[in-house]
Every structure is written in structure tokens, then in C-alpha cells.
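*Asks:* Residues in the sequence shown are numbered from 84 upward in steps of one, following our numbering.
Note that beta-carbon positions come from the ideal geometry of N, C-alpha and C, so glycine has one too.
All values reported here derive from a predicted model rather than from experimental measurement.
The structure follows.
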Amino acid sequence: MKKILIVTGGSGGHVIPALTIFDHLKNNFDVRIATDERGTKFINKQDYEYNLIKVPNLFSNIWSLPFKLFKFIYVIFESYNYLKKNNISKIISTGGYMSFPFCFASLFLNCEIVLFEPNSVIGRSNKYMIKIAKKILCYNKNLKLFPNKYFGKIALIAPILRKEIYEAEKNPQHLQKKVIKILIVGGSQGSIFFDKQITKYILELSKELNIAVKQQVLNINERKRINGYYQKSNFKYELFDFDENLHTKINDIDIAITRSGASAIAELAHLNIPFLAIPFPFAKDNHQFYNAKVYEENNCCWLIKQNDLNSMNFINLFKDKKDHEEKKNNLSKITNQNSWNNVNKKLIDLINEN
84 MKKILIVTGG SGGHVIPALT IFDHLKNNFD VRIATDERGT KFINKQDYEY
134 NLIKVPNLFS NIWSLPFKLF KFIYVIFESY NYLKKNNISK IISTGGYMSF
184 PFCFASLFLN CEIVLFEPNS VIGRSNKYMI KIAKKILCYN KNLKLFPNKY
234 FGKIALIAPI LRKEIYEAEK NPQHLQKKVI KILIVGGSQG SIFFDKQITK
284 YILELSKELN IAVKQQVLNI NERKRINGYY QKSNFKYELF DFDENLHTKI
334 NDIDIAITRS GASAIAELAH LNIPFLAIPF PFAKDNHQFY NAKVYEENNC
384 CWLIKQNDLN SMNFINLFKD KKDHEEKKNN LSKITNQNSW NNVNKKLIDL
434 INEN
């Protein structure tokens with residue numbers, strides 16, 4: 084049985100797909116997970132065992148670079164010993180600098196590297212590692228900043244979604260309602276803009292249309308503040324923190340307002356929920372903008388840059404019901420081939436390649 088190591092860490096955008104890949108492969112291969120300290124908060128210890136790796140961020144503090152470089156080299160040796168001891172034959176890296184030690188160590192062993200890139204712009208760590216990787220799993224063959232000479236390493240795959248997303252009830256295609264139900268998920272990056280500006284626009288929208296709102300607000304003080312504003316208005320609302328079972332509660336949502344991390348918008352798309360994408364303006368290489376651009380070009384979403392959003396274009400977006408239905412229909416068309424079994428077969432076939 085082939086032994087595989089999935090290396091992940093950092094943000095949920097790296098870790099959650101890694102766990103999903105693990106679930107796809109665990110019945111056919113001996114699969115292990117390695118992550119850094121930041122990644123552990125996204126992993127349920129009861130469901131997944133993992134090895135903790137302490138990889139220094141070399142450039143977080145230039146003055147401590149010599150010490151961190153020494154520590155980084157030490158971690159490479161640790162990674163080498165781990166790969167050799169456990170006879171790992173393939174590494175799957177979901178990106179981030181925490182993958183570097185294992186990828187470098189693999190150069191000294193007969194150990195293949197498969198990269199995973201869900202964004203529409205190749206990540207910086209993947210851009211370095213593509214030179215030594217065998218394959219890179221992508222949702223889009225037209226990756227921005229991708230080195231052309233490695234184009235043959237691209238293996239296209241449908242968005243890798245949690246199994247629960249496939250099992251969740253999809254948004255009905257044609258549903259005429261008097262109340263527009265809105266989901267707001269700002270995530271962890273740039274959520275201040277959502278808490279301040281989007282809340283303001285929602286209050287203005289409520290004066291013109293009948294709406295109901297489910298809004299993610301991570302900061303408890305902001306939740307209290309927004310609750311105070313909404314209580315004075317005449318619409319139904321629910322404020323919530325992180326909810327890993329959110330997909331079970333949103334099948335009747337008409338429009339979502341979201342940042343455009345690859346996993347977040349892929350899940351909304353699969354659930355047939357049209358969305359307004361407001362990319363985080365400080366995302367590396369503007370990758371969130373290009374993630375959403377793919378959906379906009381297929382008329383599946385609205386894409387507005389944070390600095391371009393205003394009360395008028397926000398409110399007008401909700402008034403065109405015909406446009407909403409068109410986007411919902413288009414989402415159904417582009418996601419209908421994405422199933423757990425199809426992705427499962429693709430991943431297993433890739434691992435079994437010599």
C-alpha cells in the first residue's frame with residue numbers, strides 16, 4: 084500500500100482541502116497529515132491524527148534570519164528522517180511555506196510531490212515547488228503567473244469540496260419569494276469592512292426591499308454593535324460566529340455576500356447560491372479577484388472591488404430578479420459534473436500513476 088503524506092498548515096484555505104483530500108484517499112492508501120501550529124485550529128483531533136511541524140517563517144523578522152535559517156535547515160533534516168522512516172512515496176502539498184522542508188527533503192529520496200492550487204493565481208510557494216513537483220492539481224488551466232514551461236504538469240480537477248457539501252440540499256432553481264434572504268460571510272480576512280460598510284448598506288437596503296439576513300460576525304463586540312442597529316430595523320436577522328454546519332442552513336438563501344477565497348465560493352457555487360464577491364484587496368497577487376473573475380465570466384456571480392462598492396450599486400444589485408435566476412441557472416450548469424465520486428476517482432488515479 085502506497086504511503087502518502089499530506090502537508091498543510093496556515094489558513095483554513097490550505098487545511099480544509101487537505102482534510103478533504105485525506106478523506107478521499109484514506110480507504111485506498113496509508114495517508115498521514117503534517118501541519119504547523121496555525122493549521123491545528125482547523126483540525127478536529129478526534130477525526131484526524133496529525134504530525135506537528137514547527138517551520139519558522141524566514142522573513143517575518145529580518146534580524147532573526149540567521150537563527151531562523153539554521154532552524155529551517157534543522158527542520159529539513161527532521162523532515163528527511165520522517166519521510167525515510169515512514170517510507171513515504173508521495174507528498175501532497177496544499178501550499179504555504181510550511182511545506183518547504185518536506186518538499187526539499189524529498190529531493191534526497193525517491194518521493195514524488197503533488198501540489199494543490201485552488202486559486203486562479205499560482206501561490207508563491209507552489210511557484211517555487213513546481214520545479215520539482217510531478218503534478219499540480221488545479222481548478223483552472225489558465226493560472227495567472229504560472230510558468231509556461233511547466234504547463235504539462237497541470238492536472239485539472241473539479242473543486243475539492245467537503246463531503247457534507249455534496250450531501251447538503253441545493254438551492255431550488257426557481258423560487259419566487261416576497262422576502263430576499265441574504266447570507267453575509269466576511270471570513271477572517273478583512274471582516275472589518277463587512278462589519279462596518281456591509282452592515283450600513285444592509286440597513287439602507289432594508290428601507291427599500293423586504294429582506295432577511297444571516298450575517299457572520301466573528302468579533303463579539305461588533306456583534307453587539309450590529310445587533311443594536313438591526314434591532315431598531317424591521318427585518319429578520321441572525322448573527323453568528325463560525326459555523327461549520329452552515330451549509331445545512333442556507334439552502335433557501337437568495338444571494339450571498341462574501342470574500343472570494345477559492346473554497347468559500349466553490350461551496351456557494353455548488354449549493355447553487357449566486358453571490359456578490361468583494362475580494363479582499365490585500366490578498367497576495369490579488370488572487371481573490373481572479374478567483375471570482377472565473378465565475379463572473381460565466382455569469383454566475385457579481386464581482387465588485389471593495390473600493391468600487393457603494394450604496395447605489397449595492398442596492399440595485401438586489402432589484403433585478405431576472406439576473407438572479409440567470410446566475411442560479413448558470414451555477415447549476417457549471418457544477419453539475421462535480422461529485423464526490425468523480426473527484427475521488429481523479430485523485431486515486433493520480434496517486435496510482437507511476
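#1: For the putative contact between Ile267 and Ile348, defined by C-beta atoms under 8 Å, what is the C-beta separation to the nearest angstrom?
#2: I need the DSSP call for Ile294, collapsed to helix, strand or coil.
#3: Can you pull the DSSP bridge partners for Tyr320?
#4: Nearest by alpha-carbon distance to Leu400: which of Phe363, Tyr313, Asp326, Tyr284 is it?
#5: In this structure, how does DSSP classify Asp113 when only helix, strand and coil are distinguished?
#6: On the criterion of 16 or more Cβ atoms from any shown chain inside 10 Å, does Gln371 qualify as buried, or is it exposed?
#7: Mind pulling the alpha helix (DSSP H) runs of 4 or more residues that sit fully within the region 203-273?
#8: Which residues share a DSSP beta bridge with Thr118?
#9: Rounded to whole angstroms, how far is the Cβ of Val38 from the Cβ of Ile309, which I believe are closer than 8 Å?
#10: Which partner residues does Lys86 have in the DSSP bridge list?
#11: Thinking just about the alpha-carbon of each residue, which of Gly269, Lys404, Asn413, Pro364 is nearest to the one in Cys383?
#12: Determine the extent of the alpha helix (DSSP H) in which Leu433 is found, giving its start and end residues.
#13: Measure how close the beta-carbons of His434 and Ile87 come, nearest whole angstrom, since I'm counting them as under 8 Å.
#14: Are the beta-carbon atoms of Ile240 and Lys429 separated by less than 8 Å?
#15: Can you tell me the Cβ-Cβ gap for Ser203 and Tyr373, rounded? I've got them flagged as a contact below 8 Å.
#16: Is there contact between the region 211-219 and the region 102-117, where contact requires at least three CB pairs shorter than 8 Å?
#17: Can you tell me whether Leu386 is helix, strand or coil according to DSSP?
#18: Indicate whether Asn140 and Ala117 have their beta-carbon atoms separated by less than 8 Å.
#19: For a test of the three-state rule: what should DSSP assign to Phe277, helix, strand or coil?
#20: Which of helix, strand or coil does DSSP assign to Phe363?
#21: I'd like to confirm something about Leu292: is its beta-carbon nearer than 7 Å to some heavy atom of the ligand MG, or not?
#22: Is Ser343 closer than 8 Å to Ala375 when the C-beta atoms are compared?
#23: Closer than 8 Å by C-beta to Val184: which residues in its own chain qualify, once you throw out the five before and the five after it? Chain order, please.
#24: Compare the C-alpha of Asp335 against each of Lys297, Asn424, Thr177 and name the closest.
#25: With DSSP as the reference, please indicate the residues paired to Leu198 in a beta bridge.
*Replies:* Result, derived from the coordinates:
#1: Start at 1 with the first residue of the sequence shown, and residue 267 comes out as number 184. Start at 1 with the first residue of the sequence shown, and residue 348 comes out as number 265. With a Cβ gap of about 14 Å, Ile267 and Ile348 do not count as contacting.
#2: Your numbering for residue 294 matches position 211 in the sequence shown. Note: Ile294 maps to strand in three-state DSSP.
#3: Walking along the sequence shown from the start, residue 320 turns up at place 237. Tyr320 is bridged to Val296.
#4: Within the sequence shown, residue 400 is the residue found at index 317, counting from 1. Nearest in C-alpha terms to Leu400, of all of Phe363, Tyr313, Asp326, Tyr284, is Tyr284.
#5: As a working mapping, residue 113 is identified with position 30 in the sequence shown. Here Asp113 sits in strand by DSSP.
#6: Here residue 371 refers to the residue found at position 288 of the sequence shown. With 16 or more other Cβ atoms within 10 Å, it is buried.
#7: Taking only runs of at least 4 residues, the alpha helix (DSSP H) segments lying wholly in the region 203-273 are 207-212, 246-250.
#8: Within the sequence shown, numbered from 1, the residue matching residue 118 stands at position 35. Leu135.
#9: A query on residue 38 cannot be resolved here, the shown segment of the chain reaching from 84 to 437 and no further.
#10: On the sequence shown, position 3 is the one that residue 86 refers to. In DSSP, Lys86 forms a bridge with Asp113.
#11: Indexing the sequence shown from 1 puts residue 383 at position 300. If we check each option's Cα against that of Cys383, Asn413 comes out closest.
#12: The sequence position of residue 433 within the sequence shown is 350, counting from 1. Where Leu433 is concerned, the enclosing alpha helix (DSSP H) stretches over 423-435.
#13: The residue you call residue 434 lines up with position 351 of the sequence shown. The residue you call residue 87 lines up with position 4 of the sequence shown. Reading off the sequence, residue 434 comes out as Ile, not His. Contact flag correct, Cβ pair sits at about 7 Å.
#14: Counting from one through the sequence shown, the residue named residue 240 turns up at place 157. Counting from one through the sequence shown, the residue named residue 429 turns up at place 346. Yes. Within cutoff.
#15: As a first step, residue 203 must be located in the sequence shown, where it is residue number 120. As a first step, residue 373 must be located in the sequence shown, where it is residue number 290. That pair is a contact at about 4 Å.
#16: Too few Cβ pairs lie closer than 8 Å, so no.
#17: Locating residue 386 in the sequence shown gives position 303, counting from the first residue. DSSP places Leu386 in strand when its eight states are reduced to three.
#18: Here residue 140 is taken as the residue at index 57 of the sequence shown, counted from 1. Here residue 117 is taken as the residue at index 34 of the sequence shown, counted from 1. Note that the C-beta distance between Asn140 and Ala117 is not below 8 Å.
#19: Taking the first residue of the sequence shown as 1, we reach residue 277 at position 194. Reduced to three states, the DSSP call for Phe277 is helix.
#20: The residue you call residue 363 lines up with position 280 of the sequence shown. In the three-state reduction of the DSSP assignment, Phe363 falls in the coil class, being assigned neither a helical nor a strand state.
#21: Judged by which ligands are present, the structure shown has none, so any question about the ligand MG falls away.
#22: Counting from 1 along the sequence shown, the entry for residue 375 is found at position 292. Counting from 1 along the sequence shown, the entry for residue 343 is found at position 260. Ser343 sits close to Ala375, with the two beta carbons spaced by under 8 Å.
#23: Residue numbering aside, residue 184 sits at position 101 when the sequence shown is read from its first letter. Looking at the sequence itself, residue 184 is Pro, so the reference to Val does not match. So the qualifying residues of the chain are Ile136, Val138, Phe155, Val158, Ile159, Glu161, Ser162.
#24: Here residue 335 is taken as the residue at index 252 of the sequence shown, counted from 1. Asp335 has its Cα closest to that of Lys297, out of Lys297, Asn424, Thr177.
#25: Numbered from 1 along the sequence shown, position 115 holds the residue referred to as residue 198. Note: Leu198 sits in a beta bridge opposite Ser176, Ile219.
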